[in-house]
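Using this note's numbering, you'd call the opening residue of the sequence shown number 8 and step up by one each time.
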Amino acid sequence: MGVMERKNLMVGNWKMNTNHLEAIQMIQKLHYRLDPQDFDRVDVAVAPPFTSLRSGQTVIQADHMLIALAAQNVHWAESGAYTGEVSATMLAKLNVSLVIVGHSERRAQFAETNEVVNNKAKAVIAAGMTPIVCVGETLAQREAGQAEQVVEDHVRGSLKGLSADEVASAVVAYEPVWAIGTGQTASPDDAGSMAEHVRSVVRSGWSDAADHTRVLYGGSVNAGNIAALMAKRDIDGGLVGGASLDPDGFAAVVRYWI
Numbered sequence: 008m009g010v011m012e013r014k015n016l017m018v019g020n021w022k023m024n025t026n027h028l029e030a031i032q033m034i035q036k037l038h039y040r041l042d043p044q045d046f047d048r049v050d051v052a053v054a055p056p057f058t059s060l061r062s063g064q065t066v067i068q069a070d071h072m073l074i075a076l077a078a079q080n081v082h083w084a085e086s087g088a089y090t091g092e093v094s095a096t097m098l099a100k101l102n103v104s105l106v107i108v109g110h111s112e113r114r115a116q117f118a119e120t121n122e123v124v125n126n127k128a129k130a131v132i133a134a135g136m137t138p139i140v141c142v143g144e145t146l147a148q149r150e151a152g153q154a155e156q157v158v159e160d161h162v163r164g165s166l167k168g169l170s171a172d173e174v175a176s177a178v179v180a181y182e183p184v185w186a187i188g189t190g191q192t193a194s195p196d197d198a199g200s201m202a203e204h205v206r207s208v209v210r211s212g213w214s215d216a217a218d219h220t221r222v223l224y225g226g227s228v229n230a231g232n233i234a235a236l237m238a239k240r241d242i243d244g245g246l247v248g249g250a251s252l253d254p255d256g257f258a259a260v261v262r263y264w265i
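Quick look at the structure:
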C-alpha cells in the first residue's frame, strides 16, 4: 500500500450532546445529504454519546447506511468493578468500529496519561476496533516552544508496545488544545507541519507503518476551513466537533472538495 492509498476519514465527535432520539434524526439527515460516491472518497463516522450508540447502530443497519459508528471513550479492562465505565467488548457488540482515546478533554479534565491512553488503545485493538489516538499541545506549551516535543511524547507513549501492523491500521488525531471549541484553528501550514511531524515520529518507531497510519486534524474544523486543511499532504481527514452537530455543516465538511 502506498501513501496515496490512505483513504480520508471524517469523524463527527458529538461530545456530551444529543439524546438517542436526536441522534437517530441526525444520522438520518447526514445520510440523506451524502451520495454513495462520497463514501468512495471518504470514510464517514459519527461518535454519539454512549446512550445513543444502540440507537445509532439500529438506524444504520436498518437503512444500510455506509456511515460508521464510533465511540467517544472506553475503559481498558474487559469487565470488572468499574462503576460507570464501558468496555471495548461491549462497544464491539454494538458494531462500533472506531473509538476515540485520549481526547484532550479527557487528558485535561480526567487526568488521562499516555499510559492510560495506551491501555485503552490496546483494548480497542484487542476487541477488533480501530483506535483514534488524540495528541496535541496546549497554548502554553506551544508558546514555550514545546509543541513538537509534547506531540512526540503523546504519540510514542500512546502507541507504546503496538506492532507495526497495529499502528498502520490505527488513526492519530492531532488536536491543538488551544483550538478546540474556541473557534480558533491552526493555520493549514501549522496543521500540515504538525501532521508531518506526527508521521515522522511514527516512522521513527514503526518504520513503513507511517505510510498507512491516517492522521486527522481536530480543532474547530468546519466547512470553511476543511478544504485548505485537506490540501496538506499528511492530513488524511478531520476529527470534527461542533460542526458535526449540524448535518448540513458536517456533510459539507465530508464533501470538502465541492
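Beta carbons: idealized from backbone N, C-alpha and C, even for Gly.
Buried or exposed by the 16-neighbour rule on C-beta atoms within 10 Å, applied to residue i
{"i": "residue 50", "result": "buried"}
{"i": "residue 112", "result": "buried"}
{"i": "residue 69", "result": "exposed"}
{"i": "residue 47", "result": "exposed"}
{"i": "residue 265", "result": "exposed"}
{"i": "residue 10", "result": "Because the pLDDT of residue 10 is 44, which lies under 50, any placement of that residue in the model is unreliable, and the number read from its coordinates should be weighed accordingly. Burial call: exposed."}
{"i": "residue 119", "result": "buried"}
{"i": "residue 117", "result": "exposed"}
{"i": "residue 8", "result": "The pLDDT assigned to residue 8 is 38, lower than 50, so where the model puts this residue is not dependable, and the model offers no usable value."}
{"i": "residue 232", "result": "buried"}
{"i": "residue 14", "result": "exposed"}
{"i": "residue 227", "result": "buried"}
{"i": "residue 168", "result": "exposed"}
{"i": "residue 239", "result": "buried"}
{"i": "residue 172", "result": "exposed"}
{"i": "residue 26", "result": "exposed"}
{"i": "residue 91", "result": "exposed"}
{"i": "residue 87", "result": "exposed"}
{"i": "residue 151", "result": "exposed"}
{"i": "residue 115", "result": "exposed"}
Nearest neighbour of residue i, chosen from the options [CA to CA]
{"i": "residue 182", "options": "247, 230 and 208", "result": "247"}
{"i": "residue 71", "options": "101, 90 and 35", "result": "35"}
{"i": "residue 229", "options": "24, 259 and 211", "result": "259"}
{"i": "residue 125", "options": "221, 97 and 174", "result": "174"}
{"i": "residue 59", "options": "39, 45 and 102", "result": "102"}
{"i": "residue 209", "options": "73, 195, 166 and 240", "result": "166"}
{"i": "residue 22", "options": "78, 234, 85 and 192", "result": "78"}
{"i": "residue 61", "options": "152, 99 and 135", "result": "99"}
{"i": "residue 253", "options": "44, 55, 45 and 43", "result": "55"}
{"i": "residue 146", "options": "177, 192, 170 and 180", "result": "192"}
{"i": "residue 7", "options": "114, 57, 92 and 73", "result": "Lying before the first or after the last residue shown, residue 7 is absent from the chain, which here runs from 8 to 265."}
{"i": "residue 29", "options": "63, 18 and 83", "result": "63"}
{"i": "residue 128", "options": "83, 219, 188 and 180", "result": "83"}
{"i": "residue 136", "options": "150, 57, 97 and 162", "result": "97"}
{"i": "residue 180", "options": "162, 40 and 218", "result": "162"}
Beta-carbon spacing of residue i, residue j below 8 Å
{"i": "residue 133", "j": "residue 104", "result": "no"}
{"i": "residue 251", "j": "residue 20", "result": "yes"}
{"i": "residue 249", "j": "residue 184", "result": "no"}
{"i": "residue 31", "j": "residue 66", "result": "yes"}
{"i": "residue 256", "j": "residue 224", "result": "no"}
{"i": "residue 106", "j": "residue 138", "result": "yes"}
{"i": "residue 212", "j": "residue 242", "result": "no"}
{"i": "residue 195", "j": "residue 235", "result": "yes"}
{"i": "residue 221", "j": "residue 45", "result": "no"}
{"i": "residue 57", "j": "residue 93", "result": "yes"}
Presumed contact (8 Å Cβ cut-off) between residue i and residue j, rounded CB distance
{"i": "residue 186", "j": "residue 130", "result": "Incorrect: roughly 28 Å between the Cβ atoms, too far for contact."}
{"i": "residue 141", "j": "residue 109", "result": "5 Å"}
{"i": "residue 16", "j": "residue 178", "result": "7 Å"}
{"i": "residue 164", "j": "residue 122", "result": "7 Å"}
Cβ of residue i within 8 Å of any chain B Cβ
{"i": "residue 116", "result": "The structure shown contains no chain B, having only a single protein chain."}
The ligand COA heavy atom lying under 7 Å from the CB of residue i
{"i": "residue 231", "result": "Among the ligands in the structure shown, none appear at all, so the ligand COA cannot be discussed."}
Just to confirm the assignment: which complete alpha helix (DSSP H) runs, minimum length 4, are found wholly within the stretch 46 to 122? With a minimum length of 4 residues, the continuous alpha helix (DSSP H) runs that stay inside the stretch 46 to 122 are 60 to 69, 95 to 99 and 111 to 116.
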